[in-house]
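If you're matching them up, the sequences are chains A and B in order.
For what it's worth, our numbering labels the leading residue of the first sequence as 52, then goes sequentially.
For what it's worth, our numbering labels the leading residue of the second sequence as 52, then goes sequentially.
Protein chains: 2
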Amino acid sequence: MKEQTISKATIDRLPLYYRTLRLAQDDGMDIISSDELGRRLELTPEQIRKDLALFGQFGKKGVGYYVNELKFNVGKILGLDNHWNIAIVGIGHLGVALANYQNFIALGFNLVALFDNDPNIIGKTVNHVKVKSIDELQSCAKNLKIDIGVIAVPAQFAQQVADKLVKANIKGIWNFAPVKMRVPEDVKIVNEDLSVGLSRLSYYITGK
Amino acid sequence: MKEQTISKATIDRLPLYYRTLRLAQDDGMDIISSDELGRRLELTPEQIRKDLALFGQFGKKGVGYYVNELKFNVGKILGLDNHWNIAIVGIGHLGVALANYQNFIALGFNLVALFDNDPNIIGKTVNHVKVKSIDELQSCAKNLKIDIGVIAVPAQFAQQVADKLVKANIKGIWNFAPVKMRVPEDVKIVNEDLSVGLSRLSYYITGK
DNA sequence: TAGATTGTTAATCGATTAACAATC
DNA sequence: TAGATTGTTAATCGATTAACAATC
Numbered sequence: 052m053k054e055q056t057i058s059k060a061t062i063d064r065l066p067l068y069y070r071t072l073r074l075a076q077d078d079g080m081d082i083i084s085s086d087e088l089g090r091r092l093e094l095t096p097e098q099i100r101k102d103l104a105l106f107g108q109f110g111k112k113g114v115g116y117y118v119n120e121l122k123f124n125v126g127k128i129l130g131l132d133n134h135w136n137i138a139i140v141g142i143g144h145l146g147v148a149l150a151n152y153q154n155f156i157a158l159g160f161n162l163v164a165l166f167d168n169d170p171n172i173i174g175k176t177v178n179h180v181k182v183k184s185i186d187e188l189q190s191c192a193k194n195l196k197i198d199i200g201v202i203a204v205p206a207q208f209a210q211q212v213a214d215k216l217v218k219a220n221i222k223g224i225w226n227f228a229p230v231k232m233r234v235p236e237d238v239k240i241v242n243e244d245l246s247v248g249l250s251r252l253s254y255y256i257t258g259k
Numbered sequence: 052m053k054e055q056t057i058s059k060a061t062i063d064r065l066p067l068y069y070r071t072l073r074l075a076q077d078d079g080m081d082i083i084s085s086d087e088l089g090r091r092l093e094l095t096p097e098q099i100r101k102d103l104a105l106f107g108q109f110g111k112k113g114v115g116y117y118v119n120e121l122k123f124n125v126g127k128i129l130g131l132d133n134h135w136n137i138a139i140v141g142i143g144h145l146g147v148a149l150a151n152y153q154n155f156i157a158l159g160f161n162l163v164a165l166f167d168n169d170p171n172i173i174g175k176t177v178n179h180v181k182v183k184s185i186d187e188l189q190s191c192a193k194n195l196k197i198d199i200g201v202i203a204v205p206a207q208f209a210q211q212v213a214d215k216l217v218k219a220n221i222k223g224i225w226n227f228a229p230v231k232m233r234v235p236e237d238v239k240i241v242n243e244d245l246s247v248g249l250s251r252l253s254y255y256i257t258g259k
């Protein structure tokens, strides 16, 4: 239907809109203007209207946006209404932190499985989910309908975990290992390379 | 000296160059071309040359870039040679994961302090660093010369931690709480909002 | 020298901002 | 109605890509 390609910049802003709308909802707001959204997000109102207009007409002229309705629609654009099933591979410190990540719930994701290859970790329970052997990934992926695999293993094992996830037919990978992964085109990857953010901060404070 | 403003896009790529150069170095490469860098990073060689040229002339025409030299220079641009001192506030699951983050060392940062407000956590040792009470932040910041504060506390406490960090005269904040923080202009903030990446992944797999 | 590859200028492409008609 | 605010077109700004002279 909508054949226009949406820029990465816009897609990056949508989750921020969603978060801000959630907070506005918590504040009991019924209606919010692009101006107020812009103030809260430190973006121009024009940009927000432009972004939203790419997906439909969600506002009322002279009035603004109904908070509930817009939040629902932005959530739908982001596909959060699919309530994707998530599995985490690598239950080290980061894996544990992610397994306990509260925003999974707030964003509608379900944590359905945890995997590791260390016998000392397999069998443990983290946030009500039991850690399974990585060898069970294939069968679990099917039974539990895993949509997204999170890679939280050391860099040198990341590619082989990615291969296993691809073989298990997952749709997307959320990768925390600082390596460029090779996967088929139809598997989407989002890289969460923490060292980028930290190095960026270093750059900014270096000037002073 | 160099008065040109560097775009955020360029600054985001510099850490990736640095990482790739580090790997090339590990592979024993002496010289690398913008073409080869582009292949490894999935970027065009023109873009890489353009980015680097903003900071100086690091290559040899007809030859390429000396890996060691370029890595040194990119590291210097990013300010990694400052060996910034880092403190983490909030030693929950995420704080522990970050305290054990190996890339701190690879990038030249020093983990010098950990803080929490939970008496059950204060006094524990994580990655050879003892967790102190948040009340000691002010005095420690001075003694230990803390440059960067990492916020790994729940969203509702993030702003007050930021205020304390600002008061303690740190230079930059690496913020993992999903909230927009208010700090003076001269304190730099980099937000590491994991829900953005995950929501983006949701968007990409929703189309299929 | 011939081949390769940088650094840089010019051309293109895309994203943001400005402006304003439509309308609640 | 008058005031407010959206949705959208046009103008501007910035970033990427293409091209090529310089030179190792």
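Beta carbons: idealized from backbone N, C-alpha and C, even for Gly.
For clarity, every value in this text was computed on a predicted model and none was experimentally measured.
- prompt: Can a CB atom of chain A be found closer than 8 Å to the CB of Glu-54(B)?
  reply: Confidence at Glu-54(B) is low in this model, with a pLDDT of 47, below 50, so the placement of that residue should be treated as unreliable; the coordinate-derived value is given next. Answer no: the Cβ-Cβ gap between Glu-54(B) and chain A never drops below 8 Å.
- prompt: Can you tell which of Gly-223(B), Ile-57(B), Leu-249(B), Tyr-254(B) has its C-alpha closest to the C-alpha of Lys-196(B)?
  reply: Ranking Gly-223(B), Ile-57(B), Leu-249(B), Tyr-254(B) by Cα distance to Lys-196(B) puts Gly-223(B) first.
- prompt: Hey, is the region 176-192 of chain A in contact with the region 118-134 of chain A, meaning 3+ C-beta pairs nearer than 8 Å?
  reply: As far as the Cβ criterion goes, the region 176-192 of chain A does not touch the region 118-134 of chain A, which means the pair count is below three.
message: Helix, strand or coil, according to DSSP, for Lys-53(A) in the structure here?
response: The predicted position of Lys-53(A) is uncertain, since its pLDDT is 40 and thus under 50; no value can be drawn from it.
query: Would you say Ser-58(A) reaches chain B, if we count a Cβ-Cβ gap shorter than 8 Å as a contact?
result: Not an interface residue.
- prompt: Under a three-way DSSP split, which group does Val-234(B) fall into?
  reply: Three-state DSSP puts Val-234(B) in coil, outside helix and strand.
query: For His-134(A), which option in Leu-74(A), Phe-155(A), Leu-145(A) has the closest C-alpha, if you only look at C-alpha atoms?
result: Closest option to His-134(A), Cα to Cα, is Phe-155(A).
- request: Pull up the DSSP beta-bridge partners for Ser-250(B), would you.
  value: Note: Ser-250(B) sits in no beta bridge, so no partner.
message: So if DSSP puts Asn-226(B) in a beta bridge, which residue, or which two residues, is it bridged to?
response: Bridge partners of Asn-226(B): Ile-202(B), Asn-242(B).
task: Please list the residues of the region 203-227 of chain A that have a C-beta atom closer than 7 Å to any C-beta atom in chain B, keeping them in chain order.
output: Those residues of the region 203-227 of chain A placed with their C-beta closer than 7 Å to a C-beta in chain B are Lys-222, Gly-223, Trp-225, ordered along the chain.
field: Cut-off 7 Å between Cβ atoms - residues of its own chain near Leu-149(A), not counting five sequence neighbours on either side
entry: Answer for Leu-149(A): Ile-139, Val-201, Ala-203, listed in chain order.
Lys-183(A) - containing beta strand (DSSP E), residue span: Annotation: the continuous beta strand (DSSP E) that includes Lys-183(A) extends over 180-184.
- prompt: Can at least three beta-carbon pairs, one atom from the region 203-218 of chain A and one from the region 234-246 of chain A, be found at a separation below 8 Å?
  reply: Pairwise C-beta distances place the region 203-218 of chain A in contact with the region 234-246 of chain A, as three or more of them are shorter than 8 Å.
message: Quick check on the DSSP output: the beta strand (DSSP E) that includes Ala-164(A) runs from which residue to which?
response: First-last of the beta strand (DSSP E) with Ala-164(A): 161-167.
- request: Kindly indicate the opening and closing residues of the alpha helix (DSSP H) around Asn-124(A).
  value: DSSP places Asn-124(A) inside the alpha helix (DSSP H), whose first and last residues are 118-128.
message: Considering only heavy atoms of the ligand SAH, does any lie closer than 7 Å to the CB of Ser-246(A)?
response: What this structure holds is no ligand at all, so the ligand SAH is not there to describe.
- prompt: When the distance is taken between beta carbons, is Ser-250(A) closer than 8 Å to Pro-66(B)?
  reply: Contact check for Pro-66(B) against Ser-250(A) passes: the beta carbons are separated by less than 8 Å.
- prompt: Nearest-angstrom Cα distance between Gly-130(B) and Ala-60(B)?
  reply: Answer to the nearest angstrom: the Cα atoms are 17 Å apart.
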